[in-house]
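Asks:
There are 2 protein chains.
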Amino acid sequence: MIRSDAVRNRMRVLQAAEEVLDEQGLSARMDEIARRAGVGVGTLYRHFATKEALYQAIVMARIDLLLDEAARLRSTGDPQTAFFAFFSKIVADAKRKKALTDALHSAGTDIKAEQSSRHAAMLDAIAGLLRNAQNAGAVRSDVAMPEVLALLRGASMAAETGDYSAPVLQRSLAILYDGLRVVSA
Amino acid sequence: MIRSDAVRNRMRVLQAAEEVLDEQGLSARMDEIARRAGVGVGTLYRHFATKEALYQAIVMARIDLLLDEAARLRSTGDPQTAFFAFFSKIVADAKRKKALTDALHSAGTDIKAEQSSRHAAMLDAIAGLLRNAQNAGAVRSDVAMPEVLALLRGASMAAETGDYSAPVLQRSLAILYDGLRVVSA
DNA sequence: CTTCAACCGGAATCACGATTCCGATTCTAT
DNA sequence: ATAGAATCGGAATCGTGATTCCGGTTGAAG
Numbered sequence: 000m001i002r003s004d005a006v007r008n009r010m011r012v013l014q015a016a017e018e019v020l021d022e023q024g025l026s027a028r029m030d031e032i033a034r035r036a037g038v039g040v041g042t043l044y045r046h047f048a049t050k051e052a053l054y055q056a057i058v059m060a061r062i063d064l065l066l067d068e069a070a071r072l073r074s075t076g077d078p079q080t081a082f083f084a085f086f087s088k089i090v091a092d093a094k095r096k097k098a099l100t101d102a103l104h105s106a107g108t109d110i111k112a113e114q115s116s117r118h119a120a121m122l123d124a125i126a127g128l129l130r131n132a133q134n135a136g137a138v139r140s141d142v143a144m145p146e147v148l149a150l151l152r153g154a155s156m157a158a159e160t161g162d163y164s165a166p167v168l169q170r171s172l173a174i175l176y177d178g179l180r181v182v183s184a
Numbered sequence: 000m001i002r003s004d005a006v007r008n009r010m011r012v013l014q015a016a017e018e019v020l021d022e023q024g025l026s027a028r029m030d031e032i033a034r035r036a037g038v039g040v041g042t043l044y045r046h047f048a049t050k051e052a053l054y055q056a057i058v059m060a061r062i063d064l065l066l067d068e069a070a071r072l073r074s075t076g077d078p079q080t081a082f083f084a085f086f087s088k089i090v091a092d093a094k095r096k097k098a099l100t101d102a103l104h105s106a107g108t109d110i111k112a113e114q115s116s117r118h119a120a121m122l123d124a125i126a127g128l129l130r131n132a133q134n135a136g137a138v139r140s141d142v143a144m145p146e147v148l149a150l151l152r153g154a155s156m157a158a159e160t161g162d163y164s165a166p167v168l169q170r171s172l173a174i175l176y177d178g179l180r181v182v183s184a
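Residue numbers (numbering that gives the first Met the number 0), protein chains in the order written: chain A, 0 to 184; chain B, 0 to 184.
Shown next, in the form of structure tokens:
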């Protein structure tokens, strides 16, 4: 039988970790997370063997939400806007929830199994939206995934710094989107 | 009288620091810099009171080079391309020489006197090139500095990760530039 | 060729967080 | 109510890298 307090604490830890990681990114301290969860660090470590593991859990949950959103956009919205909407969604997420960006992209480094599967799913989702948008003539046909990912990464990272206001970010994205649509020059 | 060996060592330290910081960014270790300079850490610290100070020295030197480049472009090249050339120059610099990006931009944080003067000069240089480009009709007139800085920051950060090949970065910038030129949508 | 202040090298010290350990506390089952 | 396994809390421990210290060296001046 699983102890009820263990369940409660795990939930608290997860919630506190999400808050703190979103606010401070990877540099957040374990103490802070434990304190915010009203729990000792020992408890925190019993639930998540390492800071990295905790981080992964949070990030993967968030990626799942994004994947849902992608699916929704693919069916609901029209292909003309779905792609840009999802792009914006990711950037907005990066702005509010720090430390998602690197995990979201991350080329090399040490990727675990589950993590890499989410990663692949994410790439598929983006590729799908891109293809639809291109078929619908909403995005120029000469852009491929690598460029899109690089641009997405840059936009996310800039947003993550928190140095730019929402309107400025909005205008920046608008410029970027114009570039993705344009055919001539 | 300043000892000749002291002068020699200072130069070595500076050179080694530049190499190491460019390769590894802020996370470079002082030991490594000292070793690379063929000097003890003690010597390193006599010349630069802190890692931060050393970092500042390197970054400011690099910013000066960029400022020279900006001046050259403003006089030599035509306004049509000067702006984009400088933008690319900064991004290329970020790719090769890591850990310049944050210092180059950096909104809040603790800025020292000299540092902030360079920072202001940099902003002026970019603003000047942007204005010229807009007057020449090379850049849409409805974009302002904030957006440009945000885009520059994003591009620099993405380049800095080293996850994207030169061709991909090139294509990404091309898309961005198209967005900056476009008038319609 | 002395002298000695400035300069060196690098071991020792500090600082800061992550992670471990273990006695004290609960839960759950009987 | 009671046992005892699972779970707690948080002090102590580790690891990593920046910074300090100080006995030994070395260049410059007389």
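Cβ atoms here follow ideal geometry from the backbone N, Cα and C, with glycine treated the same way.
(1) Taking the straight line between their C-alpha atoms, what separation do you get for Tyr19(A) and Ala149(B)?
(2) Grab me the residues of Leu168(B)'s own chain with a C-beta within less than 6 Å of its C-beta, minus the 5 sequence neighbours each way, in chain order.
(3) Go through its chain and collect everything with a Cβ distance to Ala102(B)'s Cβ below 7 Å, but skip five positions before and after it.
(4) Please compile the residues from chain A whose C-beta is within a distance smaller than 8 Å of the C-beta of Pro145(B).
(5) Can you tell me whether Ile1(B) is buried or exposed, with buried defined as 16 or more other CB within 10 angstroms of its CB?
(6) Hey, Arg170(A) and Pro145(B): beta-carbon distance below 9 Å or not?
(7) CB-CB under 6 Å to Gln79(B), same chain, minus the five flanking residues each way: which ones, in chain order?
(8) Output, in sequence order along the chain, the residues in the segment 53 to 67 of chain A whose CB is closer than 8 Å to any CB in chain B.
(9) Using a Cβ-Cβ cut-off of 9 Å, state whether Gly107(B) counts as contacting chain A.
(10) Counting C-beta neighbours from all protein chains within 10 Å, is the total for Asp4(B) 16 or more, i.e. buried, or is it exposed?
(11) What does the Cβ neighbour count give for Asp30(B), buried or exposed, with the cut at 16 atoms within 10 Å?
(12) Would Val147(B) and Leu99(B) be called neighbours here (beta carbons separated by less than 9 Å)?
(13) Return the CA-CA distance between Asn8(A) and Ala48(A), expressed in angstroms with no decimal places.
(14) My output table needs one value for Ser171(B): the three-state DSSP class, helix, strand or coil.
(15) State the DSSP-derived secondary structure class of Ala16(A), mapped to helix, strand or coil.
(16) When the distance is taken between beta carbons, is Ala60(A) closer than 9 Å to Arg73(A)?
(17) Find the residues of chain B that neighbour Arg152(A), judging by a C-beta separation of less than 9 Å, and give them in chain order.
(18) Given a cut-off of 9 Å on the beta-carbon distance, is the pair Tyr54(A) and Leu25(A) in contact?
(19) Mind pulling the chain B residues with CB within less than 8 Å of Asp77(A)?
(20) Please look up how many angstroms separate the CB atoms of Ala52(B) and Arg35(B), rounded, as I've assumed it's under 8 Å.
(21) According to DSSP, is His104(B) helix, strand or coil?
(22) Here's a check: name, in chain order, each residue in its chain whose Cβ is nearer than 7 Å to the Cβ of Ala124(A), leaving out the five neighbours to either side.
(23) Look at Ile62(A) and His118(A) and say whether their C-beta atoms are less than 9 Å apart.
(24) Count the other CB atoms, across all protein chains shown, that sit within 10 Å of the CB of Arg28(B); report buried if there are 16 or more and exposed otherwise.
(25) By DSSP, does Lys94(A) sit in helix, in strand, or in coil?
(26) Please return the same chain residues whose Cβ sits closer than 7 Å to the Cβ of Gln114(B), not counting the five positions on each side in sequence.
Replies: Taking the coordinates as given:
(1) Here residue 19(A) refers to the residue found at position 20 of the first sequence. Here residue 149(B) refers to the residue found at position 150 of the second sequence. The residue you asked about is not Tyr; residue 19(A) is Val in the sequence shown. Using only the alpha carbons, I get a separation of about 25 Å.
(2) Indexing the second sequence from 1 puts residue 168(B) at position 169. Cβ neighbours of Leu168(B) beyond the five flanking positions: Ala158.
(3) The residue given as residue 102(B) occupies position 103 in the second sequence. Only Val58 meet the Cβ criterion.
(4) The residue given as residue 145(B) occupies position 146 in the second sequence. Those within 8 Å of Pro145(B) in chain A are Tyr163, Ser164, Val167 and Arg170.
(5) Along the second sequence, read from residue 1 onward, the residue named residue 1(B) stands at position 2. So Ile1(B) ends up on the exposed side.
(6) Residue numbering aside, residue 170(A) sits at position 171 when the first sequence is read from its first letter. Residue numbering aside, residue 145(B) sits at position 146 when the second sequence is read from its first letter. Yes, they are a contact pair.
(7) Position 80 of the second sequence, counted from the first residue, corresponds to residue 79(B). Cβ-Cβ distances below 6 Å link Gln79(B) to Ala135 and Ala137 in the same chain, with the five nearest sequence neighbours on each side left out; the list follows chain order.
(8) none
(9) For this step, residue 107(B) is matched to residue 108 along the second sequence. Per-residue confidence for Gly107(B) stands at a pLDDT of 46, beneath the threshold of 50, marking its modelled position as unreliable; no derived number is given.
(10) Taking the second sequence and counting its residues from 1, one reaches residue 4(B) at position 5. Looking at its Cβ environment, which holds fewer than 16 other Cβ atoms inside 10 Å, Asp4(B) is exposed.
(11) By one-based count along the second sequence, residue 30(B) stands at place 31. Exposed, because fewer than 16 other Cβ atoms sit within 10 Å of the Cβ of Asp30(B).
(12) Counted from its first residue, the second sequence places residue 147(B) at position 148. Counted from its first residue, the second sequence places residue 99(B) at position 100. Taking 9 Å as the Cβ cut-off, Val147(B) and Leu99(B) do not qualify as a contacting pair.
(13) Counting from one through the first sequence, the residue named residue 8(A) turns up at place 9. Counting from one through the first sequence, the residue named residue 48(A) turns up at place 49. Approximately 15 Å, taken between the alpha carbons.
(14) Position 172 of the second sequence, counted from the first residue, corresponds to residue 171(B). It is helical.
(15) As a position in the first sequence, residue 16(A) is number 17, starting the count at 1. If DSSP states are grouped into helix, strand and coil, Ala16(A) belongs with the helices.
(16) Sequence index remark: in the first sequence, residue 73(A) carries index 74 (1-based). Sequence index remark: in the first sequence, residue 60(A) carries index 61 (1-based). No; because the gap between Cβ atoms is not below 9 Å, this pair is not in contact.
(17) Here residue 152(A) refers to the residue found at position 153 when the first sequence is read from its first residue. Under the 9 Å cutoff, chain B gives Gly153, Met156, Ala157, Thr160, Asp162 and Tyr163.
(18) Position 55 of the first sequence, counting from 1, holds the residue named residue 54(A). Position 26 of the first sequence, counting from 1, holds the residue named residue 25(A). Their beta carbons are under 9 Å apart, which means Tyr54(A) touches Leu25(A) by this criterion.
(19) Counting from 1 along the first sequence, the entry for residue 77(A) is found at position 78. None at all; the shortest Cβ gap to chain B is about 17 Å.
(20) Within the second sequence, numbered from 1, the residue matching residue 52(B) stands at position 53. Within the second sequence, numbered from 1, the residue matching residue 35(B) stands at position 36. Between Arg35(B) and Ala52(B) the Cβ distance is about 18 Å, and since that is not below 8 Å, they are no contact.
(21) Indexing the second sequence from 1 puts residue 104(B) at position 105. In the structure shown, His104(B) sits in coil (DSSP, three-state: anything other than H, G, I, E or B).
(22) What you label residue 124(A) is simply residue 125 of the first sequence in a count that begins at 1. Around Ala124(A): Leu66 and Ala69.
(23) Walking along the first sequence from the start, residue 62(A) turns up at place 63. Walking along the first sequence from the start, residue 118(A) turns up at place 119. Yes, the pair counts as a contact, with Cβ atoms nearer than the cut-off.
(24) Position 29 of the second sequence, counting from 1, holds the residue named residue 28(B). By the 10 Å Cβ count, Arg28(B) comes out exposed.
(25) Looking up residue 94(A) in the first sequence gives position 95. Judged by DSSP in its simplified three-state form, Lys94(A) adopts helix.
(26) Here residue 114(B) is taken as the residue at index 115 of the second sequence, counted from 1. If we look at Gln114(B) and ignore the five residues flanking it on each side, its Cβ neighbours are Gln55 and Met59.
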